[in-house]
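Numbering (this note's numbering), first residue to last: 1062 to 1458.
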Ligand code: AMP
Ligand code: MG
């Protein structure tokens, strides 16, 4: 199955998330569940973009003098009107006095004995016009938008204090494997530290979800059944790690086959070929492969878009774990027969061009390769990445 087809199948097994009202001060990283309209025009009134003098352009010639009639300050309304031959001192953000149509900036003037001398011609574009940025009632943010600092500032500018957002999806993580030991413990022969659940938990947070750790469990049908039951009761999604390949102890695949519902198993992707998707007691479940690079790559390729989908956003205005870029390969990378190949590369700017280097060994068990590199190649099936070639990649962020 292609990655595209796998995504379509997973999207058709969506879940409905509740919404909640929060203040914009708590809204960083949340997804809007409603369109937001502006309560005001922006600017709310014509105002000055510079410190200087509000004047009539027709009165201004280099060297001429204007009579100072008062001051317009930010926060004070109704400044004195400007008539022929007059100037009103004005601060940035202060209302434009009636009659004035231009701002002479302070640097281009000289003030003396109640008169201001014009040293340079004033510019009309130093007036910020009512509603030139946003008009009252205009939709400024669409449902599904990820609220980041600029969206939050815009919401405040437009008089929106509380907003409706999508509740964070609760995602349970279960790691499986008799060999796994918590990183705080001592290892015995044949054991390794359990790492996937921690990386995946952080990825869930990065995607705006709430991870729930079920730790790691042994390769036992009974324990797996019990843990899946308990996870399905309290989560919008279950993610398992390990146990989805062809091995005798790959019990996630076995239990899903016998007692759950499998919607797909295996996709044409390297690394990360054998992921599984289905439902356990109606809760969607992604079974990620145990190899650490594979589980993270499958999360990026499959789980992240699914989370964006259920939160009502897409890759363009939702969470992003990376950006698609074109890079020139500096080192050759191996492709995969029949599969999209996501090798790890290090992308940087070199001579005005994004280039990609290979720095360390590419094994799917080597999580360090995701640390020493910062991007994934998107080599189409049955192609090789040759040095000097321009290819697509995902620049991770
Ligand atoms: P599996 O998919 O269960 O066959 O595991 C494939 C490889 O990934 C094996 O070498 C496992 O020891 C390793 N592995 C599985 N789960 C984890 C985990 N949670 N953390 C680190 N390595 C793992
Ligand atoms: Mg295993």
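Note that beta-carbon positions come from the ideal geometry of N, C-alpha and C, so glycine has one too.
Looking at C-beta atoms only, is the number of pairs between the segment 1261-1275 and the segment 1293-1306 that lie closer than 8 angstroms three or more? yes
Within 10 Å of its beta-carbon, does residue 1149 have 16 or more other beta-carbons around it, so buried, or fewer, so exposed? buried
With a cut-off of 8 angstroms on the beta carbons, I'd call residue 1401 and residue 1078 a contact; round off their distance for me. 29 angstroms between Cβ atoms; not a contact.
Same chain, Cβ closer than 8 angstroms to residue 1282, five either side skipped, listed in chain order: 1312, 1315 and 1316
So, is residue 1140 buried or exposed, given that buried needs 16 or more other C-beta atoms within 10 angstroms? buried
Are residue 1200 and residue 1098 touching if we call contact CB-CB under 8 angstroms? yes
Report the residue ranges of all beta strand (DSSP E) runs contained in full by the segment 1258-1287; include only those spanning at least 3 residues, in chain order. 1271-1278
Any heavy atom of ligand 2 closer than 7 angstroms to the CB of residue 1310? yes
Excluding five sequence neighbours on each side, which residues of the same chain lie with their C-beta closer than 7 angstroms to the C-beta of residue 1182? 1121 and 1123
Per DSSP, residue 1405 is paired with what? 1437
Could you round the C-beta distance between residue 1361 and residue 1382 to whole angstroms and report it? I think they count as a contact, below 8 angstroms. 5 angstroms
Limits of the unbroken beta strand (DSSP E) element including residue 1369: No beta strand (DSSP E) contains residue 1369, which is instead part of the alpha helix (DSSP H) from 1365-1371.
Examine ligand 2 and report whether any of its heavy atoms sits within less than 7 angstroms of the Cβ of residue 1237. yes
Strictly under 8 angstroms for the Cβ-Cβ distance: is residue 1088 near chain D by that measure? No chain D appears in the structure shown, which is made up of a single protein chain.
Taking its Cβ as the centre, do 16 or more other Cβ atoms sit within 10 Å of residue 1186, making it buried, or is it exposed? exposed
Could you name the residues of the same chain whose beta carbon sits closer than 8 angstroms to that of residue 1171, not counting the 5 residues immediately before and after it, in chain order? 1177, 1178 and 1180
Sufficient close CB pairs (3 or more, under 8 angstroms) joining the segment 1076-1090 to the segment 1411-1429: no
With three or more C-beta pairs closer than 8 angstroms as the rule, is the segment 1392-1407 touching the segment 1326-1333? yes
Where the alpha helix (DSSP H) containing residue 1211 begins and where it ends: 1210-1218
Roughly how many angstroms lie between the CA atoms of residue 1433 and residue 1151, to the nearest whole one? 55 angstroms
Would you mind reading off the limits of the alpha helix (DSSP H) that contains residue 1394? Counting along the chain, residue 1394 falls outside any alpha helix (DSSP H), and DSSP gives it neither H nor E.
Which partner residues of residue 1453 appear in the DSSP bridge assignment? 1387
Nearest candidate by alpha-carbon position, reference residue 1174, set 1126, 1135, 1221 and 1194: 1126
Within the segment 1326-1361, ranges of the alpha helix (DSSP H) (whole runs, at least 4 residues): 1353-1359
Give a single yes or no on whether residue 1361 has its beta carbon closer than 7 angstroms to a heavy atom of ligand 1. no
Give a single yes or no on whether residue 1260 has its beta carbon closer than 7 angstroms to a heavy atom of ligand 2. no
Provide the residue span of the beta strand (DSSP E) that contains residue 1418, from first to last. 1414-1418
Proximity below 8 angstroms, CB of residue 1096 to CB of residue 1218: no
Distance between residue 1211 and residue 1379 (C-alpha atoms, nearest Å): 14 angstroms
Relative to ligand 2, is the shortest distance from any of its heavy atoms to the C-beta of residue 1096 smaller than 7 angstroms? no
Just verifying my parser: in three-state terms, what is the DSSP assignment at residue 1382? coil
Cβ-heavy atom distance, residue 1257 to ligand 3, below 7 angstroms: Ligand 3 is not part of the structure shown, which contains ligand 1 and ligand 2 as its ligands.
Excluding sequence positions up to five away, which residues of its chain have a Cβ less than 8 angstroms from the Cβ of residue 1251? 1240
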